[in-house]
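Notes to accompany the following structure.
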Amino acid sequence: AQSVTQPDIHITVSEGASLELRCNYSYGATPYLFWYVQSPGQGLQLLLKYFSGDTLVQGIKGFEAEFKRSQSSFNLRKPSVHWSDAAEYFCAVVANHQAGTALIFGKGTTLSVSS
Amino acid sequence: DTGVSQNPRHKITKRGQNVTFRCDPISEHNRLYWYRQTLGQGPEFLTYFQNEAQLEKSRLLSDRFSAERPKGSFSTLEIQRTEQGDSAMYLCASSPTGQGALCEAFFGQGTRLTVV
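Residue numbers (the numbering used here), protein chains in the order written: chain A, 6 to 120; chain B, 3 to 118.
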């Protein structure tokens, strides 16, 4: 069965420092992968997605992610974190390509930004 | 505002009562999803509509849960005989019909249910 693992529950990064949030997936075929961000009281906002092609994908707010098939990973990165990036981040994989159905989410990583 | 709208934003109910939530998707979106999110967890899929047809239901959707999308526009999610374990954030998302999973799902802000 498809699954997503986010190994880090909580990460604290200094403002201006670089960030990497880890995501590992389990999926039989080429996965469709997503990163979402959720701020308190807000809905989920899509940061970026990977379907095929270039394994390094660029997203909004200066985020990028790299798909590594050999490691079953899709880690999210940002070179310089801003205080406004403090939020919860979710990695997700589509359960069924053809049906365009449910997203399977990881449990999330909470990012805190220290000054 | 042309995003996904959910009402109410918050609901407190007594155990055993019925509750109903509403979701208004983005107008041109054919697909509508319901998810549930509990504290410290990612969203979990509940059910999915394409237009008015409910095409998929999760095992999480017990008999006390029912969802409808009568005219292929807004959707309602009803929970009967609520239990404390139903306390969660209920999220609605919509996406256009296109190349299956290539279509981004847009999420509403959710309805937070507290069962006391």
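C-beta atoms are modelled at their ideal positions from N, C-alpha and C, and glycine is treated no differently. Keep in mind it's a predicted model, so treat the numbers as computed, not measured.
1. Quick check: the region 11 to 27 of chain B against the region 88 to 100 of chain B, are at least 3 beta-carbon pairs closer than 8 Å?
2. What residues are listed by DSSP as bridge partners for B/Trp-36?
3. So with CB distances below 7 Å, who are the chain A contacts of B/Ala-115?
4. I want to know whether the region 18 to 34 of chain B touches the region 81 to 93 of chain A - three or more CB-CB distances under 8 Å.
5. Work out the CA separation of A/Thr-115 and B/Gly-74 for me, nearest whole Å.
6. Run through chain A and tell me which residues come within less than 8 Å of B/Gly-110, C-beta to C-beta.
7. Apart from the five residues on each side of it in sequence, which residues of its chain come closer than 7 Å, Cβ to Cβ, to B/Leu-63?
8. Restricting to Cα atoms, I'd like to know which of A/Gly-111, A/Gly-48 and A/Arg-74 is closest to A/Val-99.
9. In or out: B/Val-118 buried (at least 16 other Cβ within 10 Å) or exposed?
10. Where do the N-terminal and C-terminal ends of the beta strand (DSSP E) with B/Asn-9 fall, by residue?
11. Is B/Gln-43 close to chain A, meaning its C-beta is less than 7 Å from at least one C-beta of that chain?
12. Who are the Cβ neighbours of B/Ser-7 in its own chain at under 7 Å, not counting the five residues just before and after it?
13. Using the beta-carbon of each residue, which ones in chain A are nearer than 9 Å to B/Leu-93?
According to the data block:
1. yes
2. B/Thr-49 and B/Cys-94
3. Residue 115 of chain B is actually Leu in this sequence, not Ala. Within 7 Å Cβ-Cβ: nothing; B/Leu-115 doesn't reach chain A, min ~15 Å.
4. no
5. 36 Å
6. Gly-48
7. Leu-48 and Thr-49
8. A/Gly-111
9. exposed
10. 7 to 9
11. yes
12. Asp-26 and Gly-110
13. Gly-48 and Leu-49
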